[in-house]
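S.K.:
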Amino acid sequence: EVLLVQSGAEVIKPGESLQISCQGSGYTFSRYWIAWLRQRPGEGLEWMGMTYSGDSDTRYGPSFQGQVTISADTSINTAYLQWSSLKASDTAMYYCARVRGFYFDYWGQGTLVTVSS
Amino acid sequence: DVQMTQSPSTLSASVGDRVTIDCRASQSVSTYLAWYQQKPGKAPKLLIYQASTLETGVPSRFSGSGSGTEFTLTISSLQPDDFGTYYCQQYNNYVLTFGQGTKLEIK
Numbered sequence: 001e002v003l004l005v006q007s008g009a010e011v012i013k014p015g016e017s018l019q020i021s022c023q024g025s026g027y028t029f030s031r032y033w034i035a036w037l038r039q040r041p042g043e044g045l046e047w048m049g050m051t052y053s054g055d056s057d058t059r060y061g062p063s064f065q066g067q068v069t070i071s072a073d074t075s076i077n078t079a080y081l082q083w084s085s086l087k088a089s090d091t092a093m094y095y096c097a098r099v100r101g102f103y104f105d106y107w108g109q110g111t112l113v114t115v116s117s
Numbered sequence: 118d119v120q121m122t123q124s125p126s127t128l129s130a131s132v133g134d135r136v137t138i139d140c141r142a143s144q145s146v147s148t149y150l151a152w153y154q155q156k157p158g159k160a161p162k163l164l165i166y167q168a169s170t171l172e173t174g175v176p177s178r179f180s181g182s183g184s185g186t187e188f189t190l191t192i193s194s195l196q197p198d199d200f201g202t203y204y205c206q207q208y209n210n211y212v213l214t215f216g217q218g219t220k221l222e223i224k
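Written as structure tokens, this is what we have:
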């Protein structure tokens with residue numbers, strides 16, 4: 001069974017850094033892209049970017065280039081989404097998802113990030 | 118970026134109704150179009166990919182059609198469990214984009 005398990009909810013102050021994670025199991029992690037998607041409260045889905053851990057190729061959506069860092073560690077089947085300085089506008093649910101043919105076939109349960117002073 | 122526009126934004130229908138949700142792309146995406154269902158507080162679920170291919174395990178009352186810029190998701194006979202928000206997503210362009218969503222409510 002394919003599973004993506006994300007790290008727990010975070011409450012962070014503006015300006016702080018953060019890394020959240022997504023661990024895959026039940027498939028060969030290094031053979032698939034893993035994407036990160038954002039969903040702000042009451043809003044739709046936005047693709048942030050994705051990484052292919054087999055060769056470390058990483059792509060970002062235009063709105064997220066330079067704002068976040070996506071990476072992966074194939075030794076522990078885990079992908080990461082990192083911010084160096086969070087803003088209130090980063091408050092959202094973040095999902096990781098396995099990419100198949102550039103659509104998303106399996107999703108993590110989501111990580112709620114709340115940025116508040 | 119390819120802009121995806123769904124209609125309607127909200128929809129209320131009765132059990133047994135035939136329901137259609139439209140998705141329009143700002144430029145041709147061929148058949149590189151997927152549909153997802155999201156229930157409140159849950160991650161989205163893949164329903165259809167390649168515009169018309171049903172994902173394994175998805176009930177056959179769901180179907181997709183279209184190509185180029187015009188696509189439709191159809192639920193042939195609405196069931197109580199079909200409430201939620203539906204999203205289309207194009208993957209023809211390397212910048213992957215979603216429609217704004219259609220919220221489906223059961224009367």
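Residue numbers (the working numbering), protein chains in the order written: chain C, 1 to 117; chain R, 118 to 224.
Note that the Cβ used here is the ideal one computed from N, Cα and C, for glycine as well.
Because the structure is a prediction, the values reported are computed rather than measured.
1) Kindly list, in the order they appear in chain C, the residues whose Cβ is closer than 7 Å to that of R:Gln206.
2) For the region 58-83 of chain C, which residues have a beta carbon sitting closer than 8 Å to at least one beta carbon of chain R?
3) At 8 Å on the CB atoms, spell out the chain R contacts of C:Tyr95, in chain order.
4) Between the C-alpha atoms of R:Ile165 and C:Thr114, what's the straight-line distance to the nearest angstrom?
5) Count the CB pairs spanning the region 28-47 of chain C and the region 126-137 of chain R that are closer than 8 Å, and state whether there are at least three.
6) Considering only C-alpha positions, which residue in the set C:Cys96, C:Ser116, C:Phe102, C:Tyr103 is nearest to C:Ser21?
7) With the cut-off set at 8 Å, would you say R:Ala160 and C:Trp107 are in Cβ contact?
8) Which residues in the same chain have their Cβ closer than 6 Å to the Cβ of C:Tyr60, if we skip the five residues on either side of it in sequence?
9) Tell me the DSSP secondary structure of R:Thr214 in three-state form.
10) Let me see if you follow: with CB-CB separation under 8 Å, is C:Gly44 close to chain R or not?
11) Anyone know if the C-beta pair for C:Tyr121 and C:Trp33 falls short of 8 Å?
12) For C:Trp107, which residues in chain R fall below 7 Å Cβ to Cβ?
13) Nearest by alpha-carbon distance to C:Ser117: which of C:Gly54, C:Gln6, C:Arg98, C:Glu10 is it?
14) Pick helix, strand or coil for C:Ser85, following the three-state DSSP scheme.
15) To the nearest angstrom, how far is the alpha carbon of R:Thr191 from that of C:Trp83?
16) Using 10 angstroms around the beta-carbon of R:Gly174, count the other beta-carbons present and answer buried if the total reaches 16, otherwise exposed.
17) On a CA-only basis, which of C:Asp90, C:Leu81, C:Ala72, C:Ser89 is nearest C:Arg31? Give me that one, please.
18) DSSP beta-bridge partners for C:Ile34?
19) What is the DSSP secondary structure of C:Ser75, reduced to helix, strand or coil?
20) So, C:Gln23 versus C:Asn77, is the Cβ gap smaller than 8 Å?
M.R.: For this structure:
1) Tyr103
2) The residues in question are Arg59, Gly61, Pro62.
3) Ala160, Pro161
4) 32 Å
5) no
6) For the options C:Cys96, C:Ser116, C:Phe102, C:Tyr103, the alpha carbon positioned closest to that of C:Ser21 is the one of C:Cys96.
7) In this structure, C:Trp107 lies closer than 8 Å to R:Ala160 by Cβ.
8) Gly49
9) strand
10) yes
11) The first residue shown for chain C is 1 and the last is 117, placing residue 121 of chain C beyond what the model contains.
12) Near C:Trp107 (Cβ distances below 7 Å), the residues of chain R are Ala160, Pro161.
13) For C:Ser117, the closest C-alpha among the options C:Gly54, C:Gln6, C:Arg98, C:Glu10 is that of C:Glu10.
14) coil
15) 39 Å
16) exposed
17) C:Ala72
18) DSSP output for C:Ile34 lists C:Thr51, C:Arg98 as bridge partner(s).
19) helix
20) yes
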